[in-house]
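A.B. asks: Residue numbering for the sequence shown follows the working numbering, beginning at 6 and increasing consecutively.
Using N, Cα and C, we set each Cβ at its ideal position, and we do this for glycine too.
All values derive from a computational prediction rather than experimental measurement.
Can you keep this structure in mind? I'll have questions shortly.
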Amino acid sequence: MLNQLKESYCEIKEGEHDAFAVVHSYEGSMPPGFHKTRLTALNVPPMGLFYPMLLVPDVYPPAPRSWFHDYDDMLEDTWNIEYPRRPDISDGFFPGMSIGLPMWDSYPVFPSKAKKEEKVGLAEAIAGSILSTGRIDLQRKLFCSIQLIGGVALTAGIISATEERVLHAIPSNEAIDTVEVLQSRTNPIFVSWKGGAILGILDFGRDAWIHREDWIRNGIHIGSGRKYKDSYYLQAQAMCYINS
């Protein structure tokens, strides 16, 4: 239901906006009443429910994860989760804890995955991925051929907002002055990628997508026969958002 609300009614707008709504009230045996009120931050849902966190991950905090999970959100929150211990398991089963044997007291324990220090917004991810390709002609081509896929791509106003934020995320010393997000050539919901992933259009739209069978079998594979072989960095960035 939440996804349907986002796709049908939500819209991203910049600046200050006045919004009004008709509030209907029902109380006991009294006849129903209604009044018109100006919406403020006190009587509208938290922006974390609807605003794509990939644009500005720290401005609008998400709702409590215990009762809400946004499947369009690609930011990984599990890195910093402290998992509870089972009371029937001793400390010896946990890395870094002494198990009562002195021979292991000085044994170095290396974490399997480093904790993420900060979240990267969508604009910074796009700019960093494309700028890593190295060639200015390819960079300009990719900055003018960006597609958003997944359910979040259906949010009204996200294209113009993404274009503006990506343009501002490009360092001033780069010779890039144009950013364009293209309309999706297919329904974003039915693409195999999770909502919010970024892919650059290369020569043909079909070369930019990963078919469901390929994704199940081996995920991303580098298309060595493609013209732009160094676009690997752009694909790797999108892959990182899913599997990191």
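Using the beta-carbon count (16 or more within 10 Å), is residue 187 buried or exposed?
C.D. replies: When all chains shown are included, residue 187 counts as exposed.
A.B. asks: Roughly how many whole angstroms lie between the Cα atoms of residue 26 and residue 40?
C.D. replies: The alpha-carbon atoms of residue 26 and residue 40 are separated by roughly 8 Å.
A.B. asks: Quick check: what's the CA-CA separation for residue 163 versus residue 142?
C.D. replies: Those two C-alpha atoms are separated by around 26 Å.
A.B. asks: Quick one: what's got a C-beta closer than 7 Å to residue 181's C-beta in the same chain, skipping five residues either side?
C.D. replies: So the qualifying residues of the chain are 144, 145, 148 and 175.
A.B. asks: For residue 126 and residue 24, what's the separation of their Cα atoms in angstroms?
C.D. replies: Using only the alpha carbons, I get a separation of about 28 Å.
A.B. asks: Tell me which residue opens and which closes the beta strand (DSSP E) that residue 183 is part of.
C.D. replies: Careful: residue 183 lies outside any beta strand (DSSP E) and carries neither H nor E.
A.B. asks: In this structure, what does DSSP give as the bridge partners for residue 38?
C.D. replies: Looking at the DSSP assignment, residue 38 forms a beta bridge with 30.
A.B. asks: Here's the rule I'm using: 16 or more other beta-carbon atoms within 10 Å means buried, otherwise exposed. How should residue 160 be labelled?
C.D. replies: Burial call: buried.
A.B. asks: What does a CB cutoff of less than 8 Å around residue 16 pick up in its chain, not counting 5 residues either side in sequence?
C.D. replies: Here the set comprises 160, 161 and 162.
A.B. asks: Can you tell me whether DSSP reads residue 151 as helix, strand or coil?
C.D. replies: If DSSP states are grouped into helix, strand and coil, residue 151 belongs with the strands.
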